[in-house]
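S.K.:
In my numbering, the protein residues as written are 494 to 636.
#1: Going by DSSP, name the residue or residues bridged to residue 567.
#2: What residue ranges within the stretch 569-626 form continuous beta strand (DSSP E) runs of no fewer than 3 residues, ordered along the chain?
#3: Would DSSP call residue 548 helix, strand or coil?
#4: Report the three-state DSSP secondary structure of residue 558 (helix, strand or coil).
#5: In three-state terms, what does DSSP make of residue 537?
#6: Use the C-beta contact count for residue 541: other C-beta atoms within 10 angstroms, 16 or more gives buried, fewer gives exposed.
#7: May I ask which residues mark the beginning and end of the beta strand (DSSP E) holding residue 511?
#8: Strictly under 7 Å for the Cβ-Cβ distance: is residue 605 near chain B by that measure?
Structure below.
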């Protein structure tokens, strides 16, 4: 699994003009864009959730687990784009929806199991993501 983690002061995701998930933390929170590849598993999802929950990227080197920071999770297959040839990305490394959707759900469930307050987008929908990146701080994580 792959994730882009952004430290935010607010973030939301909309589908068809309606907000379906949003966070407005008292301080900071995390926006996590998640992609799944073919050999990922529930173990990959749990490992990534633990990593995100414990990342010390908030103020004073704290983690979301330290301060109970909210997390907005948005699925994003484009994280596995291959741009090595030409100008048109290849999506072959991204797992298809029937494989990736349950693993994104596993990732969200694992975060919640760790105690996180999690909001989500809608898998496979045309989503509009708004955020205020704080810092800016943006990290790329791979399992």
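All residues carry an ideal CB built from backbone N, CA and C; glycine is no exception.
Values in this document were obtained by computation on a predicted structure and should not be read as measured data.
M.R.: Once the coordinates are examined:
#1: 526
#2: 611-613
#3: Coil.
#4: The three-state reading of DSSP puts residue 558 in helix, counting H, G and I together.
#5: Under the three-state reduction of DSSP, residue 537 is assigned to helix.
#6: buried
#7: 511-516
#8: Judged by its chain identifiers, the structure shown contains no chain B, having just a single protein chain.
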